[in-house]
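Reviewing the structure listed below.
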Amino acid sequence: MKIKEAIDNLKNGVVYPVYYLKGNDHYLQNLFIDKLSEKYFGPSKKEKILMLPDDMSGKEIIDRLTTTDLFLEKKIFIIRDPQKVKGKASMDLINICKEPIEGHVIVLVNDDWAL
Numbered sequence: 843m844k845i846k847e848a849i850d851n852l853k854n855g856v857v858y859p860v861y862y863l864k865g866n867d868h869y870l871q872n873l874f875i876d877k878l879s880e881k882y883f884g885p886s887k888k889e890k891i892l893m894l895p896d897d898m899s900g901k902e903i904i905d906r907l908t909t910t911d912l913f914l915e916k917k918i919f920i921i922r923d924p925q926k927v928k929g930k931a932s933m934d935l936i937n938i939c940k941e942p943i944e945g946h947v948i949v950l951v952n953d954d955w956a957l
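At position 54 of the sequence shown (counting the first as 1) the number is 896 in my numbering, and the numbers step up by one without a gap.
Okay, structure coming up:
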């Protein structure tokens, strides 16, 4: 799906549990994430969590994705360079994307066009 189509879907109230953004246009990435946040959270408290595989282990990322909170129902997880998650954690990430946790939206951002 193209970014324009994804933004149009958001305008029409369609929010998917997983998004994969590819390319190095940080302006468009941020624009999309902002639009997603506006639509997904509405006026309620926003919780966007940025996770970087260079700064966190794969296990830490999976633990954050699978932890649910009694007070905040909705969360957006932004994972930059998800291709850097290796081993068992990469398979766990794929499985979470196949069967997302209710109330969680995952945005995978891959800046590398070669992958």
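All C-beta atoms, glycine included, are put in the ideal place defined by N, C-alpha and C.
Rounded straight-line distance, which links the Cα of residue j to that of residue i
i: I943; j: L912; result: 14 Å
i: F874; j: K887; result: 18 Å
i: G865; j: V951; result: 8 Å
i: G945; j: E847; result: 22 Å
i: I948; j: H868; result: 17 Å
i: K940; j: D850; result: 23 Å
i: S899; j: D953; result: 19 Å
i: Y862; j: S932; result: 15 Å
i: P895; j: N854; result: 33 Å
i: K890; j: F883; result: 10 Å
i: K926; j: E915; result: 28 Å
i: K917; j: S879; result: 9 Å
i: V856; j: I938; result: 20 Å
i: T910; j: I904; result: 12 Å
i: L870; j: M843; result: 14 Å
i: P845; j: P924; result: Note that residue 845 is Ile in the sequence shown here, rather than Pro. Distance between the alpha carbons of I845 and P924 is about 19 Å.
i: K877; j: F919; result: 14 Å
Contact belief for residue i with residue j at Cβ below 8 Å, rounded distance in angstroms
i: K881; j: L852; result: 5 Å
i: M893; j: I921; result: 5 Å
Three-state secondary structure (DSSP) of residue i
i: Y862; result: strand
i: N952; result: strand
Range covered by the alpha helix (DSSP H) that runs through residue i
i: N851; result: I845 to K853
| At what residue ranges does the segment 873-940 contain a whole run of the beta strand (DSSP E), taking only runs of 3 or more? | 890-893 and 917-922
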